[in-house]
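Notes to accompany the following structure.
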Amino acid sequence: AVTVAIESAYDNISIANTDKIDVSTRYTKLQLGYVGVMANIGIEYGNVSISGVGREFANISINAKYSDSDIDVKDVRNYSFDLKTKYGNISTPNHNLVYQEQVTRDNDKSSKGRMGNANEGGTIKVSAKYGNIKLRDNY
Numbered sequence: 092a093v094t095v096a097i098e099s100a101y102d103n104i105s106i107a108n109t110d111k112i113d114v115s116t117r118y119t120k121l122q123l124g125y126v127g128v129m130a131n132i133g134i135e136y137g138n139v140s141i142s143g144v145g146r147e148f149a150n151i152s153i154n155a156k157y158s159d160s161d162i163d164v165k166d167v168r169n170y171s172f173d174l175k176t177k178y179g180n181i182s183t184p185n186h187n188l189v190y191q192e193q194v195t196r197d198n199d200k201s202s203k204g205r206m207g208n209a210n211e212g213g214t215i216k217v218s219a220k221y222g223n224i225k226l227r228d229n230y
């Protein structure tokens, strides 16, 4: 199992493959090729891109300020999601999602729901201020 822990600032970070990652960074472009199990990311003034998520992942958590988050979930058939942004937009795949909540109120947006079996899969949670959130199923 590959585990990565990073604290940084003013960087371009690109990691092809990791099982677990814990990142705290500012002013950084963070590109993750594949996350197998878990990602815990805190980012300010940058961007996060995850190109692939393992079918058996447990948790992806992103807390972003002035940063966009882009997660490709094409290989995952069961997951729940909880997405919130203030002064940003939320984009999700256009098919097969069951929404429990979709709210737009002033500058706050949230989207909560799941894909696939309600009793299986990991959780994707993204909270952003001044940032866009995108879940996609084709990168």
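Using the numbering used here, the first residue of the sequence shown is number 92, and each one after it goes up by one. All C-beta atoms, glycine included, are put in the ideal place defined by N, C-alpha and C.
- Message: Buried or exposed, going by whether 16 or more other CB atoms sit within 10 Å of the CB of residue 190?
- Response: Working through the sequence shown from its first residue, we reach residue 190 at position 99. Looking at its Cβ environment, which holds fewer than 16 other Cβ atoms inside 10 Å, residue 190 is exposed.
- Query: Helix, strand or coil: how does DSSP classify residue 118 here?
  - Reply: As a first step, residue 118 must be located in the sequence shown, where it is residue number 27. In this structure, residue 118 counts as coil in the three-state DSSP scheme.
- Query: In chain order, what residues of the same chain lie with their CB nearer than 8 Å to the CB of residue 108, ignoring the 5 residues before and after it?
  - Reply: As a working note, residue 108 is residue 17 in the sequence shown. Once the five neighbours on either side are set aside, the close Cβ partners of residue 108 are 93, 124, 125 and 127.
- Task: Look at the Cβ atom of residue 142, then the Cβ atom of residue 153, and state whether they are nearer than 7 Å.
- Result: Taking the first residue of the sequence shown as position 1, residue 142 is located at position 51. Taking the first residue of the sequence shown as position 1, residue 153 is located at position 62. Contact: no.
- With 7 Å as the threshold, decide whether the Cβ of residue 202 is near any Cβ in chain C. No chain C appears in the structure shown, which is made up of a single protein chain.
- Sequence ranges, beta strand (DSSP E) only - wholly within the region 133–160, length at least 3: 138–141 and 150–156
- Give a yes or no on whether the C-beta atoms belonging to residue 155 and residue 219 are separated by under 7 Å. Mapped onto the sequence shown, residue 155 falls at position 64. Mapped onto the sequence shown, residue 219 falls at position 128. A contact, by the Cβ cut-off of 7 Å.
- Item | For residue 183, three-class secondary structure by DSSP | Indexing the sequence shown from 1 puts residue 183 at position 92. Reduced to three states, the DSSP call for residue 183 is coil.
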